[in-house]
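Numbering (full-length UniProt numbering), first residue to last: 1 to 174.
Backbone N, C-alpha and C fix where the C-beta goes; we use that ideal spot for every residue, glycine too.
Source: prediction; values computed, not measured.
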């Protein structure tokens, strides 16, 4: 699942069931995957690097073990970021939610307070709920991106200390 030993890069390992809007709004499963991925690669980097012999082994480890996990985590976080953008567009009316229907043909006002005294309040509560959900997903994405940045920097430092100096983060960005 996490480690590959060949010299060809391993593909990104994102479980497809994690890429769903439900997992972005309630990210326990995604958090578990991110945590396990970080434990298996970044948190134990020094132990893994101590087992390696030579710079070529470092390159292979970086390419086959570190990069696929970084890519998988980035893909999941980006999926939720894209979902948050879509949610915000819906909440702001760029992709509007259906407007309430008029209560009757005689009265075109969809918020006739004599028929439904809570119509406006319910609509406002629904909009507030949508914005709250958007902000929660956006906050989670910002937090995870920040954590990823810190984790990658620490992993790059460990690689440079143990293997040889290279701009590992720049290699990842390419």
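- By the CB criterion at 8 Å, residue 21 and residue 83 fall inside the cutoff.
- Counted as a single uninterrupted DSSP element, the alpha helix (DSSP H) harbouring residue 21 occupies residues 21–25.
- When only Cα atoms are considered, residue 77 and residue 56 end up about 30 Å apart.
- Put simply, the stretch 154–170 touches the stretch 48–66. At least three CB pairs are less than 8 Å apart.
- Between residue 41 and residue 69 the beta-carbon gap is near 5 Å, inside 8 Å, which marks them as a contact.
- In this chain, the alpha helix (DSSP H) harbouring residue 59 covers 55–61.
- The beta carbon of residue 66 is closer than 6 Å to those of 41 in its chain, skipping five residues each way along the sequence.
- The three-state secondary structure of residue 52, taken from DSSP, is coil.
- Where residue 77 is concerned, the enclosing alpha helix (DSSP H) starts and stops at 67–91.
- Taking a C-beta distance under 8 Å as the contact criterion, residue 90 and residue 130 qualify as a contact pair.
- When only Cα atoms are considered, residue 36 and residue 138 end up about 22 Å apart.
- Per the coordinates, the alpha-carbon of residue 133 lies some 24 Å from the alpha-carbon of residue 15.
- Nearest neighbour of residue 148 by Cα position, chosen from 64, 136, 172, turns out to be 172.
- Scanning its chain for C-beta atoms nearer than 7 Å, with the 5 sequence neighbours on each side dropped, one finds around residue 141 the residues 77, 80, 81, 84, in chain order.
- In the three-state reduction of the DSSP assignment, residue 152 falls in the helix class, which pools H, G and I.
- Straight through space, the alpha carbons of residue 145 and residue 170 are spaced by roughly 17 Å.
- Under the DSSP assignment, residue 170 falls in the alpha helix (DSSP H) whose first and last residues are 168–173.
- The alpha-carbon separation between residue 92 and residue 23 amounts to approximately 22 Å.
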